[in-house]
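Trainee:
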Amino acid sequence: MIKEFTSSSGDITIKIDYDKCTGVGKCVEECPTDVYELQNGKAVAAKIDECIECCICIDACPNGAIEHSSC
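Counting from 1, position 10 in the sequence shown corresponds to residue 62 in this note's numbering; the numbering is continuous, with no gaps.
Shown next as structure tokens:
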């Protein structure tokens with residue numbers, strides 16, 4: 053299942069593949085603006101409006117579960 057998050061401006065979309073996300077939390081640890089948090093063992097882009105489009109989350113995820121419209 054893919055969960056999609058979109059910024060309030062509509063400029064940024066982050067998709068997280070929940071079949072690949074194991075809740076390791078590397079995206080939470082590495083994101084410099086704290087966009088991500090874990091909920092029920094899965095990553096969510098809870099603060100997507102804070103995203104600075106650095107794409108660190110893409111490289112941080114060991115399972116390749118994150119897709120970012122800017123990366």
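Note that the Cβ used here is the ideal one computed from N, Cα and C, for glycine as well.
1) If you follow the alpha helix (DSSP H) that Ile108 is in, where does it begin and where does it stop?
2) Looking at C-beta atoms only, is the number of pairs between the region 67 to 75 and the region 98 to 108 that lie closer than 8 angstroms three or more?
3) Spatial neighbours of Thr85 within its chain, please: C-beta separation below 6 angstroms, excluding the five flanking residues on both sides.
4) Can you tell me where the alpha helix (DSSP H) with Glu56 in it begins and where it stops?
5) Do you know whose CA, among Ile108, Asn92 and Val87, lies nearest Ala98's CA?
6) What's the C-alpha gap between Ile118 and Ile100?
7) List the endpoints of the continuous beta strand (DSSP E) containing Lys78.
Mentor: Reading off the structure:
1) According to the DSSP assignment, Ile108 belongs to the alpha helix (DSSP H) that extends over Ile108 to Ala112.
2) Not touching, per the Cβ criterion.
3) The residues are Glu102 and Ile104.
4) If you look at Glu56, you'll find it isn't in any alpha helix (DSSP H); it sits in the beta strand (DSSP E) that goes Ile54 to Thr58.
5) The residue with the shortest Cα to Cα distance from Ala98 is Val87.
6) If I take the Cα positions, the gap works out to 13 angstroms.
7) Here Lys78 belongs to no beta strand (DSSP E); instead the alpha helix (DSSP H) covers Lys78 to Glu82.
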